[in-house]
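Participant:
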Amino acid sequence: MEDLFGDFVIVGGGIAAVSCAQELSSLVPANASIIVVSAHALVKAASNWRQVGRVAESFDVTEQKATSIFADYPNITVVPAKVASLDYSSKCVRLDGGGVVRFKKLCIATGARPKMQFESDFVLAIRDTETVKTFQRRLKDAKRIVIVGNGGIATELVYGLRNVDIIWAVKHSSISATFFDAGAGQFFLPELMQPSHDNEATAMKRLKYTTDSPAVDTAASPSITGSALGPDWSTNVEIKGAAMGRHVRVVYGVELDAIVSPADFRGSQSRITPLPTEFEEKQEWNVYVKLSNGEIYGCDLIVSAIGVDPNSELWTDGNPTLKVASDGGLEVNEQMETSLSGVYAAGDVCTTGWSPAPHWMQMRLWTQARQMGAYAARCMAASNPMQLDICFEIFTHVTSFFGLKVILLGKYNGQGLGAGCHALLRVQNGEEYVKVLVEDGRVHGAVLVGETDLEETLENLILNQTDISHIEDGLLDPSIDIEDYFD
1 MEDLFGDFVI VGGGIAAVSC AQELSSLVPA NASIIVVSAH ALVKAASNWR QVGRVAESFD
61 VTEQKATSIF ADYPNITVVP AKVASLDYSS KCVRLDGGGV VRFKKLCIAT GARPKMQFES
121 DFVLAIRDTE TVKTFQRRLK DAKRIVIVGN GGIATELVYG LRNVDIIWAV KHSSISATFF
181 DAGAGQFFLP ELMQPSHDNE ATAMKRLKYT TDSPAVDTAA SPSITGSALG PDWSTNVEIK
241 GAAMGRHVRV VYGVELDAIV SPADFRGSQS RITPLPTEFE EKQEWNVYVK LSNGEIYGCD
301 LIVSAIGVDP NSELWTDGNP TLKVASDGGL EVNEQMETSL SGVYAAGDVC TTGWSPAPHW
361 MQMRLWTQAR QMGAYAARCM AASNPMQLDI CFEIFTHVTS FFGLKVILLG KYNGQGLGAG
421 CHALLRVQNG EEYVKVLVED GRVHGAVLVG ETDLEETLEN LILNQTDISH IEDGLLDPSI
481 DIEDYFD
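Counted from 1, the sequence shown has number 104 at position 104 by the UniProt record's numbering; the numbering is strictly sequential.
1. Ordered along the chain, which non-local residues of its own chain (more than five positions away) have a Cβ less than 8 Å from that of D467?
2. Taking the beta carbon of G13 as the centre, do at least 16 other beta carbons fall within 10 Å, making it buried, or is it exposed?
3. Does the Cβ-Cβ distance between V146 and I306 come in under 9 Å?
4. For L425, is the classification buried or exposed, using 16 other Cβ atoms within 10 angstroms of its Cβ as the cut-off for buried?
5. Count the other C-beta atoms from every protein chain shown that fall within 10 angstroms of the C-beta of H359, then say buried if there are 16 or more, exposed otherwise.
6. Would you say I15 and K44 are within 9 Å of each other, going by their C-beta atoms?
7. May I ask you to verify whether the segment 78 to 87 touches the segment 53 to 64, counting CB pairs closer than 8 Å and requiring at least 3?
8. From the DSSP output, in three-state form, read off W233 for me.
9. Can you tell me whether M193 is buried or exposed, with buried defined as 16 or more other CB within 10 angstroms of its CB?
10. Give the single residue among P385, C107, Q362 and E295 whose Cα lies nearest to the Cα of A325.
11. Would you say W354 and N384 are within 9 Å of each other, going by their C-beta atoms?
12. Along the chain, which unbroken stretches of the beta strand (DSSP E) at least 3 residues long are found entirely within the UniProt domain "FAD/NAD(P)-binding" (7 to 161)?
13. I'd like the list of long-range same chain contacts for S469, defined as Cβ closer than 7 Å, with 5 residues on each side in sequence excluded.
14. Going by DSSP, what residues sit across from P310 in a beta bridge?
15. Nearest-angstrom Cα distance between I69 and G347?
16. Starting from Q428, trace the alpha helix (DSSP H) in both directions and tell me its first and last residue.
17. Compare the Cα-Cα distances from V349 to each of E331, G445 and R144 and report the closest residue.
18. Using the Cβ count rule (16 or more neighbours within 10 Å means buried), how would you classify S312?
19. Between the C-alpha atoms of S120 and I272, what's the straight-line distance to the nearest angstrom?
20. Is there contact between the segment 374 to 382 and the segment 409 to 428, where contact requires at least three CB pairs shorter than 8 Å?
21. Using the beta-carbon count (16 or more within 10 Å), is R370 buried or exposed?
22. Between which two residues does the beta strand (DSSP E) harbouring R249 extend?
23. At the level of alpha carbons, what is the spacing between A71 and T77?
24. Once DSSP output is grouped into helix, strand and coil, what is the label at I224?
25. With a 10 Å radius around its C-beta and 16 neighbouring C-beta atoms as the bar for buried, classify H422 as buried or exposed.
26. Can you pull the DSSP bridge partners for Y297?
27. Assuming the contact rule is C-beta atoms closer than 8 Å, L463 and I394 should be a hit. Round their C-beta distance to whole Å, please.
28. By the DSSP assignment, the alpha helix (DSSP H) with E191 in it spans what residues?
29. Excluding the five sequence neighbours on either side, which residues of its own chain have a C-beta within less than 7 Å of the C-beta of Q117, listed in chain order?
30. L106: which of G450, Y344, L27 and G183 sits nearest, CA to CA?
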């Protein structure tokens, strides 16, 4: 491959990379060259974007050929290749197998990879389309699986799986604790425990895929991970096991302590933890798990969903002045620029290095990936420093769980709030769950489940820090239009 040059070079194929490229294309002159280097032929883009509030936004995730997504952007060139290294002194990235892409400005958007506590043929992590396909193949013959983790992927999996028994090991005292407190967890629990779901009726189909072969042989390059799954990914794929039905056992307050082979289990004095009679049993399972509370379960497959680590090592090799945060992300300043001048980062691979606004925190979610990618593009295109975007003033996330719309605002789980914080609640079983966190007469966070129509008003109350003391008692009264108070 001959050497290439781009005024702007973006490495990655996820939402952050694509939003950065698209935003850049709209900001820079038509003769400015933009190169997107992606190891995958399929990339992800936000579509059907909709403004929910001043900051909150909703969008679908479309995955298709990079050449198709960028077809209407004549100044964007796609290079299907894996990056081997960054040669900062020469202002270029070197490609695996040869070839060089030189740049004036570079944006790193290589995402993150799943954390893997144990390596085994029977342990899978779900992160991207390829791992979903692998999971589907492996699940077809499975009668029981163990899911370890308590975030979004684990939650969607437990809800979406059919014809398989599930042991869900969570380290918290309630389900889905990454997003919800114990009260919201209890709200969702009856839906979770249903023996089966009509996914066709409840699906919010926001993830659309087209099928194509990868640009790089990912099987031969296990270090390459695809971009993160978007919202509601599980509703658009069939994830079905080999059991007669579906039963769920949630084990709270535990972590995975060990995995044991059938041979080692036979040679031990250990006993399997008994399960209710409706759970199917086998003479011998593919693998056995020991949890930190001493319980032991046999299963056909283990799904690890315990979080992600930024894909930053590639960039730090040979670049000792590239600053890395304590969580492994490339540290960026308020311009999304790393410690290397002219090198930016966005999405899961980066960690914000500035003091956050009172109602914002970084979470490696697709919403922030899109926001960071677009903001990084504006910073790269600008001739002067940009004012920090309003999306960094308040945390917002719009998604769905268990077939219900979910909106998270501000310090939605009470993160960092004091002892004087209290919650206002409105609950309609199976349909609506509203929690508003109030401290010193002001709203600091909210969890909205269902069609509440409260998101815009509550977002404004958090952003403006309006004193609600005089109307707090009626704030969640459905017979009162609270917007009338703030006209």
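Even for Gly, the Cβ is constructed at its ideal location relative to N, Cα and C.
Facilitator: Checking against the coordinates, here is how it stands:
1. The answer, listed in chain order, is G441 and R442.
2. buried
3. No; because the gap between Cβ atoms is not below 9 Å, this pair is not in contact.
4. That one is exposed.
5. buried
6. yes
7. no
8. Annotation note: pLDDT 43 at W233 (below 50); position unreliable, coordinate value reported separately. W233 falls in the helix class under three-state DSSP.
9. exposed
10. Q362
11. no
12. Counting whole runs of 3 or more residues, the UniProt domain "FAD/NAD(P)-binding" (7 to 161) contains the beta strand (DSSP E) stretches 34 to 38, 42 to 51, 57 to 65, 76 to 80, 83 to 87, 92 to 95, 100 to 108, 112 to 114, 123 to 125 and 144 to 148.
13. G441
14. A112
15. 19 Å
16. Careful: Q428 lies outside any alpha helix (DSSP H), inside the beta strand (DSSP E) at H422 to Q428.
17. E331
18. buried
19. 20 Å
20. no
21. By the 10 Å Cβ count, R370 comes out buried.
22. Its beta strand (DSSP E) spans residues V248 to V251.
23. 9 Å
24. At I224, the pLDDT of 46 sits below 50, so the modelled position is not reliable; the number obtained from the coordinates is stated separately. Coil, per DSSP.
25. exposed
26. V289
27. 6 Å
28. A182 to L192
29. L256, S304 and I306
30. Y344
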